[in-house]
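Engineer:
Residue numbers (my numbering), protein chains in the order written: chain A, 3 to 587; chain B, 2 to 284.
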């Protein structure tokens, strides 16, 4: 075994870390900068180097006390509770309360992330060093809410049932990688093989889970942190009805579920804190209350009466209340204002805008500050000049076209050399789409571009712009990766070999042999070695190809009651996280 | 997957077959696909992929919310509206009449989302004297039930009673000028009986018609009320279903709404006979 293999086999090596060590959950009360969105927050992350990092209990949260109820007020119900079907932000933040996964992230709320083993003792063992065989050892002392032990069999069964075409909605990475095809549900039929496991997934014993892929998948430790890897007891699997009452393996169990009205989670006495490196069990209950619109929810939390003192408004502070919250120091203290990993860019259709200098001129001309103001200011968006959002592991700030916050019209004109390119901007026909389009048109026309805005029905905009023969030169796209790795962003968005007739995530349709070769080279590396490489290829794409104009990342702006503590914005999903939550007594 | 859902929903079947299957499900139940939970007992209204449950369960859960909002609110708005209208008619031209007209004009000019928002802002968020609107089943805790719904009741009663106050005032004034009222007075019938028994009974018939339609429509879903106060009733469920393209729930909510409107109309027709002897058959 070569040295690199040995290291990878242990699932070790730091990815990139500013502190030079493995970051742990500091147990602070969020730690976000409330004066403004902490736009300079640079996320760092590691795969745990020491199996001890995957041990519990999670560090105590300073000042946290037990008892009370945390209420989460949300306009609409959570789409799914069945862990194999969870894939919305609300679902992904709720699931860790009642489900555990093969791996998980420790997150201190300040951008320091560590991928650790959750049900497993480590983040994963790359057996051959080529990312085709991965092995996980399951921890001792794990139990479901009914006291039944959790073994590799229940975890494997959970993954197997995700092949059931009835159980839609969840991530499909593990299924597609095991089956070797996106049509995984036809490659392996779960219904007629309920007692078997999908190809490539084996459980040599009750403590071991093994993945064997036909192709290398170095991102498995990341993908295993999604709820697809949650254990499910086969004898309690009720198919589609499991969505209403999944069996808990986490610190809380679901005791009441009235869809669209209320979801109540109470303490699971069979959860053992010493096995869990991330979660706590401070409040007696978590109650999701569904129904109030964002204004009503925020007003309730601002009023800070009764049970709402320990509540959080999930849908954020609406624009009508932003000024009120910003002007009141006591309210400002109760907000979580943090940039999220959801990045928005102005995509340039390189099939139509073939001249690199025109694409570069667009980058010089962009007025990011003006755009952010038009969107509602720093509580809504934070400008960015990179393709990967600041939350990505190994992120490095750069600006390939330094033009200042308001753009450099003169530099853009210089590149255009007297030309006035006529470009068609396809914009969603909803209010925000039109708002952005109006701002971009006014901004870019100052540099000499002639921008024609054409509306696209909002509900079909994504599908339409993903078509290879779409008739627009520019359109605004957003991307939020499932894990903060460049591998989940850059190859997905800029690998030209994936271009097909429609359904293209590479909607700039850029295809560079040099960049594609870089993707192949980096993807063949261990995940720990990839991180810094992605930052370099990010800059290479922008410098050599300029297939987009990075615009901004979304900012989460949530307000909570005066007695809610331990809440922070997840560095992975950009939404409020509850693993450290407690009620101030 | 899309094709599979199409098949399970029977969208490729002839329309008449789909319709008959749906109607059959309501009366005797029917078998749905495995992704829809298998057999669906009568009254089967289909399976919601969005809520992951039979639509009958959804309707059974949200209907009591709407009933709890509408029925007490209707009692309030009828009592308040007809009462004000009568007082206004009997005290025509006095300050009481002007006050009642002012009240009804104000109510008729406002929208529920505004009144509801103001009520919430003042009584719940600012003063904290009214609980956050919520639904508790009546049988679980009647006081909690009433407390959680008092603001929607007040908002609905204020707006609806305004219309009834104006209508009942006009009807009463017209009825009071009728010959039979003068005759009753001339015969020495006590004033309370003249107004309460003879005049009101004659004036109320058109009000019953409108009340029947209003209550029927409200039972079909008080969309704005439920949205303003964050209550998950039939109306809000219907809107959510439209937003998410949840066809079985859309069909069920439309069906239930239609049922209430038809039933309310039937009830009004029957009430006519009870209120007004002139429309009784065979009399």
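All residues carry an ideal CB built from backbone N, CA and C; glycine is no exception.
Hey, residue 149 of chain B and residue 137 of chain B: beta-carbon distance below 8 Å or not?
Structural biologist: In the second chain, the residue the question calls residue 149 of chain B occupies position 148. In the second chain, the residue the question calls residue 137 of chain B occupies position 136. Yes, the pair counts as a contact, with Cβ atoms nearer than the cut-off.
Engineer: Using a Cβ cut-off of 8 Å (strictly closer), state whether residue 7 of chain B contacts chain A.
Structural biologist: The count along the second chain starts at 1 and reaches residue 7 of chain B at position 6. No, because no Cβ of chain A sits closer than 8 Å to the Cβ of residue 7 of chain B.
Engineer: Would you tell me roughly how many angstroms separate the C-alpha atoms of residue 277 of chain B and residue 221 of chain B, rounded to the nearest one?
Structural biologist: Numbered from its first residue, the second chain carries residue 277 of chain B at position 276. Numbered from its first residue, the second chain carries residue 221 of chain B at position 220. Cα-Cα distance, rounded: 28 Å.
Engineer: Taking 8 Å as the CB-CB limit, is residue 325 of chain A close to chain B?
Structural biologist: In the first chain, counting from the first residue as 1, residue 325 of chain A sits at position 323. Residue 325 of chain A does not count as touching chain B.
Engineer: When DSSP labels each residue in this structure, what does residue 217 of chain B get in the three-state scheme?
Structural biologist: One-based indexing of the second chain puts residue 217 of chain B at position 216. Helix, per DSSP.
Engineer: For residue 120 of chain B, collect the residues of the same chain with a Cβ closer than 8 Å to its Cβ; drop the 5 residues on either side in sequence, then sort them by chain order.
Structural biologist: Position 119 of the second chain, counted from the start, is the residue given in the question as residue 120 of chain B. Only 131, 152, 155, 156 meet the Cβ criterion.
Engineer: How is residue 565 of chain A classed by DSSP in three states: helix, strand or coil?
Structural biologist: Looking up residue 565 of chain A in the first chain gives position 563. Shown here, residue 565 of chain A sits in coil according to DSSP, grouped into three states, outside any helix or strand.
Engineer: Measuring only the C-alpha atoms, how far is residue 156 of chain A from residue 431 of chain A?
Structural biologist: Reading the first chain from its first residue, position 154 is the one you call residue 156 of chain A. Reading the first chain from its first residue, position 429 is the one you call residue 431 of chain A. Going by the C-alpha atoms only, they are around 47 Å apart.
Engineer: Ends of the alpha helix (DSSP H) at residue 1 of chain B?
Structural biologist: Past the boundaries of the shown model lies residue 1 of chain B; chain B is included only from 2 to 284, so the question cannot be answered.
Engineer: Would you tell me roughly how many angstroms separate the C-alpha atoms of residue 512 of chain A and residue 109 of chain B, rounded to the nearest one?
Structural biologist: Sequence index remark: in the first chain, residue 512 of chain A carries index 510 (1-based). Sequence index remark: in the second chain, residue 109 of chain B carries index 108 (1-based). Roughly 60 Å separates the two Cα atoms.
Engineer: Would you mind giving the Cβ-Cβ distance between residue 417 of chain A and residue 381 of chain A, rounded to the nearest angstrom? I have them listed as a contact below 8 Å.
Structural biologist: As a first step, residue 417 of chain A is located in the first chain; it is residue number 415 there, counting from the start. As a first step, residue 381 of chain A is located in the first chain; it is residue number 379 there, counting from the start. Contact doesn't hold; Cβ gap of about 34 Å is too wide.
Engineer: Considering only residues of the same chain and omitting the five flanking positions on each side of residue 30 of chain A, which have a CB-CB separation below 6 Å?
Structural biologist: Translated into the one-based positions of the first chain, residue 30 of chain A becomes position 28. The pLDDT assigned to residue 30 of chain A is 30, lower than 50, so where the model puts this residue is not dependable, and the model offers no usable value.
Engineer: Kindly list, in the order they appear in chain A, the residues whose Cβ is closer than 8 Å to that of residue 22 of chain B.
Structural biologist: For this step, residue 22 of chain B is matched to residue 21 along the second chain. Chain A residues near residue 22 of chain B: none, gap ~20 Å exceeds 8 Å.
Engineer: Looking at the secondary structure, which residues open and close the beta strand (DSSP E) in which residue 365 of chain A lies?
Structural biologist: Here the question's residue 365 of chain A lines up with position 363 in the first chain. Residue 365 of chain A -> not in any beta strand (DSSP E); alpha helix (DSSP H) instead, spanning 358 to 367.
Engineer: Suppose contacts are defined by Cβ-Cβ distances below 8 Å. Is residue 77 of chain A in contact with residue 294 of chain A by that definition?
Structural biologist: Within the first chain, numbered from 1, the residue matching residue 77 of chain A stands at position 75. Within the first chain, numbered from 1, the residue matching residue 294 of chain A stands at position 292. Closer than 8 Å, so yes.
Engineer: Looking at the C-beta of residue 13 of chain B, does it have a partner C-beta in chain A at a distance below 8 Å?
Structural biologist: The count along the second chain starts at 1 and reaches residue 13 of chain B at position 12. Chain A places no beta carbon closer than 8 Å to that of residue 13 of chain B, leaving this residue out of the contacts.
Engineer: What does the Cβ neighbour count give for residue 107 of chain A, buried or exposed, with the cut at 16 atoms within 10 Å?
Structural biologist: Locating residue 107 of chain A in the first chain gives position 105, where the first residue counts as 1. Flag for residue 107 of chain A reads buried.
Engineer: Mind reading off the beta-carbon distance from residue 200 of chain B to residue 173 of chain B? Whole number of angstroms is fine, and I expect it under 8 Å.
Structural biologist: For the purposes of this step, residue 200 of chain B is taken as residue 199 along the second chain, with counting starting at 1. For the purposes of this step, residue 173 of chain B is taken as residue 172 along the second chain, with counting starting at 1. Contact holds; Cβ gap of about 6 Å.
Engineer: With 8 Å as the C-beta to C-beta threshold (strictly closer), list the residues of the stretch 229 to 260 of chain A near chain B in chain order.
Structural biologist: 241, 242, 243, 245, 246, 260
Engineer: Is the shortest distance between the beta-carbon of residue 42 of chain B and the beta-carbons of chain A less than 8 Å?
Structural biologist: Residue mapping note: residue 42 of chain B aligns to position 41 of the second chain, counting from 1. No, its Cβ sits nowhere closer than 8 Å to a Cβ of chain A.
Engineer: Mind checking who residue 165 of chain B pairs with in its DSSP beta bridge?
Structural biologist: Looking up residue 165 of chain B in the second chain gives position 164. DSSP lists no partner for residue 165 of chain B.
Engineer: In the DSSP assignment, what residue or residues form a beta bridge with residue 211 of chain A?
Structural biologist: In the first chain, the residue the question calls residue 211 of chain A occupies position 209. Bridge partners of residue 211 of chain A: A:138.
Engineer: Can you list, in chain order, the stretches of the alpha helix (DSSP H) that have 4 or more residues and sit fully within the stretch 438 to 507 of chain A?
Structural biologist: 460 to 467, 492 to 496
Engineer: What does residue 228 of chain B reach in chain A if we use C-beta pairs closer than 8 Å?
Structural biologist: In the second chain, counting from the first residue as 1, residue 228 of chain B sits at position 227. Per Cβ cutoff of 8 Å: 295.
Engineer: Could you check how far apart the C-beta atoms of residue 116 of chain B and residue 101 of chain B are, in whole angstroms? I think they sit under 8 Å.
Structural biologist: Here residue 116 of chain B refers to the residue found at position 115 of the second chain. Here residue 101 of chain B refers to the residue found at position 100 of the second chain. Not confirmed; about 18 Å, so no contact.
Engineer: In its own chain, which residues sit with a C-beta less than 6 Å from the C-beta of residue 162 of chain B, not counting the 5 before and 5 after it?
Structural biologist: Within the second chain, numbered from 1, the residue matching residue 162 of chain B stands at position 161. Here the set comprises 78, 81, 82.
Engineer: With a cut-off of 8 Å, does the C-beta of residue 62 of chain B fall near any C-beta of chain A?
Structural biologist: Numbered from 1 along the second chain, position 61 holds the residue referred to as residue 62 of chain B. Chain A contact via Cβ: present.
Engineer: At least one CB of chain A closer than 8 Å to the CB of residue 126 of chain B: is that the case?
Structural biologist: Taking the second chain and counting its residues from 1, the one referred to as residue 126 of chain B is at position 125. With 8 Å as the cut-off, residue 126 of chain B counts as an interface residue toward chain A.
Engineer: With the cut-off set at 8 Å, would you say residue 556 of chain A and residue 342 of chain A are in Cβ contact?
Structural biologist: Taking the first residue of the first chain as position 1, residue 556 of chain A is located at position 554. Taking the first residue of the first chain as position 1, residue 342 of chain A is located at position 340. The answer is yes: Cβ separation under 8 Å.
Engineer: Given a cut-off of 8 Å, decide if residue 100 of chain A and residue 248 of chain A are closer than it, judged by their beta-carbon atoms.
Structural biologist: If you number the first chain from 1, residue 248 of chain A lands on position 246. If you number the first chain from 1, residue 100 of chain A lands on position 98. A contact, by the Cβ cut-off of 8 Å.
Engineer: Secondary structure at residue 107 of chain A, three-state DSSP: helix, strand or coil?
Structural biologist: Start at 1 with the first residue of the first chain, and residue 107 of chain A comes out as number 105. Residue 107 of chain A: strand per DSSP, three-state reduction.
Engineer: Rounded to whole angstroms, what's the CA-CA distance from residue 263 of chain A to residue 581 of chain A? Just pull it up for me.
Structural biologist: For the purposes of this step, residue 263 of chain A is taken as residue 261 along the first chain, with counting starting at 1. For the purposes of this step, residue 581 of chain A is taken as residue 579 along the first chain, with counting starting at 1. Straight-line Cα distance between these residues: approximately 23 Å.
Engineer: In whole angstroms, what separates the C-alpha of residue 180 of chain B from that of residue 192 of chain B?
Structural biologist: In the second chain, the residue the question calls residue 180 of chain B occupies position 179. In the second chain, the residue the question calls residue 192 of chain B occupies position 191. For residue 180 of chain B and residue 192 of chain B, the distance between alpha carbons rounds to 15 Å.
Engineer: Applying the criterion that 16 or more other CB atoms from any shown protein chain within 10 Å of the CB defines a buried residue, is residue 123 of chain B buried or exposed?
Structural biologist: As a working note, residue 123 of chain B is residue 122 in the second chain. It is exposed - the Cβ of residue 123 of chain B has fewer than 16 other Cβ atoms within 10 Å.
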